[in-house]
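Visitor: I have a structure here, written as C-alpha cells, and I will follow up with some questions on it.
In my numbering, the protein residues as written are 14 to 668.
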C-alpha cells in the first residue's frame with residue numbers, strides 16, 4: 014500500500030511528532046521555534062486541510078503553528094485557539110475551571126488523531142526527483158490534489174462519530190474534519206521519497222453542535238480502499254498533465270502487479286531500494302529460524318513451510334530490525350542535485366536516459382495508448398472484482414470495502430493512467446453485490462445491521478474454484494530439506510549444504526488462486542453464448558488489459574463454416590469480431606502472463622474442492638431465492654457457474 018496509518022496519542026507520541034515529524038523527520042533542536050526549525054531543515058511549513066476548519070476559525074492552506082498542534086493533538090483534543098479562548102473567559106470574570114472547559118471540544122480523549130502517510134509509486138517520485146522544475150511542480154500538485162480527494166472521501170463515506178450507550182448511534186460529521194499536512198522529501202536511507210504526513214484530528218461536530226470523537230477503527234478498516242483511491246488519482250493526474258501512461262509491473266512473484274509509469278527503467282527503482290534489500294536479507298534469516306525452530310521436546314514449533322500470513326509478520330519484524338536512524342533533513346535543491354549525481358554514478362542507467370527521463374516515459378506512453386484502449390465494462394469488472402475478493406479473503410467472506418478497494422485497483426489496471434468517470438468504482442461494486450454476491454450477514458449487534466458491515470460471499474457454485482490445500486503435519490528431520498510444495502515428501506538435503514542453506518519453501522500466494530478464479534468465471538461467461546451474444550461486447554480493451562493471452566478465445570474457424578456448432582468436447586468460445594481482433598493486438602501485460610506450465614502447476618497445487626464454500630453458497634442461495642432480496646434469473650445463475658479452474662491480486666508493503 015502507498016497509504017499507511019498510525020494512531021496519535023497525547024503525551025510521548027505527540028511529542029515525538031512535534032520533535033521530528035513536523036520538521037521533515039529530522040531532529041528538532043531544543044528550544045528552537047517551529048518555523049525556524051522548518052526553515053533550517055529546508056521543508057515547507059504545515060498546512061491545514063479539511064471542511065471542518067471554518068467552525069474552528071481556521072482556513073484551508075493556513076500555516077500550522079506549534080500552539081495549535083499542541084492544543085488539538087497534545088492536550089487531549091482542545092480547540093486550536095484554546096489559549097486565546099481561556100484568556101478571554103478569564104478576562105470576562107469566569108472561573109478558571111469554566112474558562113478551561115470553554116476551550117475543550119467535547120470529552121477529552123487519549124487518542125487525539127491518526128497519521129496518514131501518503132506517498133506515490135516509485136516511478137512517480139523518481140520523475141519528481143530527477144526531472145526539471147516544471148515536472149516537480151506538476152507532480153507535487155497532483156500529489157496534493159489526490160490527498161484532498163481522499164480526505165473528502167473519508168469525510169463523506171468513512172468517518173463516523175459514535176455516541177450513546179456503547180456507541181450505538183453513528184453519524185457522519187456534517188461539518189467535515191480537520192487535518193494538518195506536513196511535506197517530507199526523503200526516506201531514512203537518504204533516497205528520494207516524496208510523502209506527506211496528514212495528521213487527522215478525531216474531533217468532529219454533530220448536527221446538534223456537540224463535539225464527538227471519530228471512530229478510528231473505521232479509518233483503519235478503509236485504509237486499503239483509501240490507498241487504492243490515492244494511487245488511482247495521483248497516477249491519472251500525473252499522466253494527464255505530462256502525457257504519460259501506466260503499466261503493471263511484478264515486484265514479488267505471485268503477488269499483485271503494481272501500476273508504475275511506463276518508460277521509467279526498473280534499475281532506477283532498484284537504485285532507491287536499499288532498505289528493501291536489507292529487509293529481504295533479514296527476512297531470509299527470520300524465515301530460516303521460523304522453519305527450524307523446535308520446542309523443548311525437539312518437535313517443530315511451526316509448519317515446515319512459510320505461509321503468506323507468517324511471511325507478512327516476519328516482514329514487519331525484518332523492517333523493524335533493519336530500520337536505520339533518521340538523518341538531518343536537507344533542503345530540496347541540495348537533495349535533487351545529490352540524487353541526480355548518485356543516479357548517474359551508481360544506478361547503471363545511461364546518462365542520456367536520466368537526463369531525458371520524461372521524454373522516454375512519454376514515448377512509452379504513446380506506444381501503450383496506441384495498443385490499449387481505455388474501455389471499462391462494468392459487468393466483466395464486477396466478475397473480476399467479486400472473484401478476486403472471494404479468493405483473497407479467508408473463508409470467502411468479505412465486506413463492501415473489500416470490493417471497493419479491488420474495484421479501484423481494477424480501474425487503475427484497465428485505464429492505464431486515464432481519468433475515469435466519477436462514481437464508476439461504486440457502480441462496479443453495486444453490480445458485483447447484486448449479481449455475484451450473497452448477503453450472509455447474521456447480525457448479533459447493532460453494528461452488524463449497518464450497510465458497511467454487511468457480510469457477503471460469492472454466489473457461484475465453488476466446487477471447481479482453486480482451493481487451498483492444507484499442508485501435511487510437520488515431520489522434523491534436520492537431514493532432509495523441507496518440501497517445495499505441500500503434500501510432497503521431504504527431499505534429501507543437497508550435498509554440501511547445511512540446514513537453512515536451501516531455499517525456504519512457501520505456500521503458493523493467494524493472488525495466483527485469485528487469478529485462476531477470475532478466469533474461471535470469465536471463461537464460463539464467454540462460453541454461454543446465449544447469455545452474452547445479445548450484447549455487443551465493448552469489453553475488448555478490458556480483456557486486453559486484464560487477461561493473459563493464454564486465456565483468450567482461440568482463433569476463429571473458417572468464415573464459411575462460422576455458423577456451425579463447435580465440436581463435441583471442445584471448449585466453446587465467443588466468435589465475435591472484437592475478440593478476434595483482440596488476439597491479433599499485442600499488449601504490455603507481461604506482468605500478468607501465465608504460462609501453460611504455471612497454470613498446470615497451480616491447478617495441481619489447489620485440487621481439493623471447497624466443500625464448505627459450496628455448501629454455504631447452496632444454503633444461502635436457497636434463502637436468497639426465498640427472501641427475493643437479490644432476484645436473479647435462472648439463465649443468469651447458469652451463466653455464472655464456472656466449469657474449469659483458470660485466473661486475479663496481492664498486497665504491498667508499507668512505509
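Ideal Cβ positions, reconstructed from N, Cα and C, are used throughout, including at glycine.
What is the DSSP secondary structure of residue 205, reduced to helix, strand or coil?
Guide: Residue 205: strand per DSSP, three-state reduction.
Visitor: Using the rule of at least 16 other Cβ atoms within 10 Å of the residue's Cβ for burial, across every protein chain shown, is residue 25 buried or exposed?
Guide: That one is exposed.
Visitor: Jot down the residue ranges of each uninterrupted alpha helix (DSSP H) in the segment 57 to 138, minimum 4 residues, whole runs only, in chain order.
Guide: Complete alpha helix (DSSP H) runs here, min 4: 79 to 82, 95 to 104 and 109 to 115.
Visitor: Is the CB-CB distance between residue 130 and residue 233 below 8 angstroms?
Guide: Taking 8 angstroms as the Cβ cut-off, residue 130 and residue 233 do not qualify as a contacting pair.
Visitor: When DSSP builds the beta bridges, which residues end up paired with residue 451?
Guide: For residue 451, which the question treats as bridged, DSSP gives the partners 470.
Visitor: According to DSSP, is residue 259 part of a helix, a strand, or is it coil?
Guide: Residue 259 falls in the strand class under three-state DSSP.
Visitor: Excluding the five sequence neighbours on either side, which residues of its own chain have a C-beta within less than 6 angstroms of the C-beta of residue 394, listed in chain order?
Guide: Answer for residue 394: 423 and 441, listed in chain order.
Visitor: Closest to residue 258 by C-alpha separation, out of 425, 47, 314 and 71, would be which residue?
Guide: Among 425, 47, 314 and 71, the Cα nearest to that of residue 258 belongs to 425.
Visitor: Could you pull the start and end residues of the beta strand (DSSP E) that residue 197 belongs to?
Guide: Residues 192 to 199.
Visitor: Expressed to the nearest angstrom, what Euclidean distance is found between the alpha-carbon atoms of residue 128 and residue 312?
Guide: One C-alpha to the other measures close to 43 angstroms.
Visitor: CB residue 699 to CB residue 92, shorter than 8 angstroms?
Guide: It is not possible to answer for residue 699, since the shown part of the chain is limited to 14 through 668.
Visitor: Within 8 angstroms, do at least three Cβ pairs link the segment 260 to 268 to the segment 300 to 308?
Guide: Output reads no: the segment 260 to 268 does not touch the segment 300 to 308.
Visitor: Apart from the five residues just before and just after residue 610, which ones in its own chain have a Cβ nearer than 6 angstroms to its Cβ?
Guide: For residue 610, the predicted model reports a pLDDT of 47, less than 50, meaning its position is unreliable; a value from the coordinates is still stated below. No residues qualify anywhere along the chain.
Visitor: Quickly, what does DSSP pair residue 272 with across the bridge? List them, please.
Guide: DSSP output for residue 272 lists 261 as bridge partner(s).
Visitor: When you compare only the Cα positions, how much space is there between residue 121 and residue 468?
Guide: So the two alpha carbons sit approximately 34 angstroms from each other.
Visitor: Which one or two residues does DSSP pair with residue 178 in a beta bridge?
Guide: Residue 178 is not bridged to any residue.
Visitor: In the DSSP output, which residue or residues are listed as bridge partners for residue 217?
Guide: 225, per the DSSP bridge assignment.
Visitor: Looking at the unbroken beta strand (DSSP E) that takes in residue 290, where does it start and where does it end?
Guide: First-last for residue 290: 287 to 305, but that is the alpha helix (DSSP H), not the beta strand (DSSP E).
Visitor: Would the segment 159 to 169 count as touching the segment 266 to 274 if we require 3 or more Cβ pairs under 8 angstroms?
Guide: Contact between the segment 159 to 169 and the segment 266 to 274 is absent, because fewer than three Cβ pairs lie under 8 angstroms.
Visitor: Grab me the residues of residue 177's own chain with a C-beta within less than 7 angstroms of its C-beta, minus the 5 sequence neighbours each way, in chain order.
Guide: If we look at residue 177 and ignore the five residues flanking it on each side, it has no Cβ neighbours.
Visitor: Short of 7 angstroms in beta carbon distance, which residues of its chain neighbour residue 337, apart from the five on each side in sequence? Order them along the chain.
Guide: For residue 337, where only same-chain residues beyond five positions count, the Cβ hits under 7 angstroms are 201 and 202.
Visitor: Can you give me the start and stop residues for the alpha helix (DSSP H) that residue 357 sits inside?
Guide: Segment 345 to 359, the alpha helix (DSSP H) holding residue 357.
Visitor: Check whether the Cβ atoms of residue 195 and residue 34 lie closer than 8 angstroms to each other.
Guide: Yes, the pair counts as a contact, with Cβ atoms nearer than the cut-off.
Visitor: Judging by CA-CA distance, which residue of 403, 465, 59 and 101 is the nearest neighbour of residue 472?
Guide: Checking every option, the nearest Cα to that of residue 472 belongs to 403.
Visitor: Suppose the cutoff is 8 angstroms on Cβ atoms and the five residues either side in sequence are ignored; what does the same chain contact list for residue 148 look like?
Guide: Answer for residue 148: 140, 141, 255 and 371, listed in chain order.
Visitor: Using the rule of at least 16 other Cβ atoms within 10 Å of the residue's Cβ for burial, across every protein chain shown, is residue 27 buried or exposed?
Guide: Under this definition residue 27 is a buried residue.
Visitor: Consult DSSP for residue 210 and reduce its assignment to one of helix, strand or coil.
Guide: In this structure, residue 210 counts as strand in the three-state DSSP scheme.
Visitor: Compare the Cα-Cα distances from residue 16 to each of 308, 242, 42 and 462 and report the closest residue.
Guide: Nearest C-alpha to residue 16: 242.
Visitor: In this structure, does DSSP put residue 184 in helix, strand or coil?
Guide: Looking at residue 184 - three-state DSSP - the assignment turns out to be strand.
Visitor: Flag this pair as touching only if the segment 321 to 336 and the segment 356 to 367 have three or more C-beta atom pairs under 8 angstroms; answer yes or no.
Guide: Judged by Cβ distances under 8 angstroms, the segment 321 to 336 makes no contact with the segment 356 to 367, as fewer than three pairs qualify.
Visitor: With a cut-off of 8 angstroms, do at least 3 Cβ pairs link the segment 178 to 187 to the segment 80 to 89?
Guide: Output reads no: the segment 80 to 89 does not touch the segment 178 to 187.
Visitor: Identify which residue in 38, 421, 30 and 445 has its Cα closest to the Cα of residue 237.
Guide: When each option's Cα is compared against that of residue 237, the closest is 421.
Visitor: Can you name the residues that DSSP bridges to residue 313?
Guide: Beta-bridge pairing links residue 313 to 307.
Visitor: Rounded to the nearest angstrom, what separates residue 189 and residue 107 at their Cα positions?
Guide: So the two alpha carbons sit approximately 31 angstroms from each other.
Visitor: Classify residue 330: buried if its beta carbon has 16 or more other beta carbons within 10 angstroms, exposed otherwise.
Guide: Counting Cβ neighbours within 10 Å, residue 330 comes out exposed, since fewer than 16 surround it.
Visitor: Pull up the distance between the alpha-carbon of residue 134 and that of residue 272, whole angstroms please.
Guide: So the two alpha carbons sit approximately 8 angstroms from each other.
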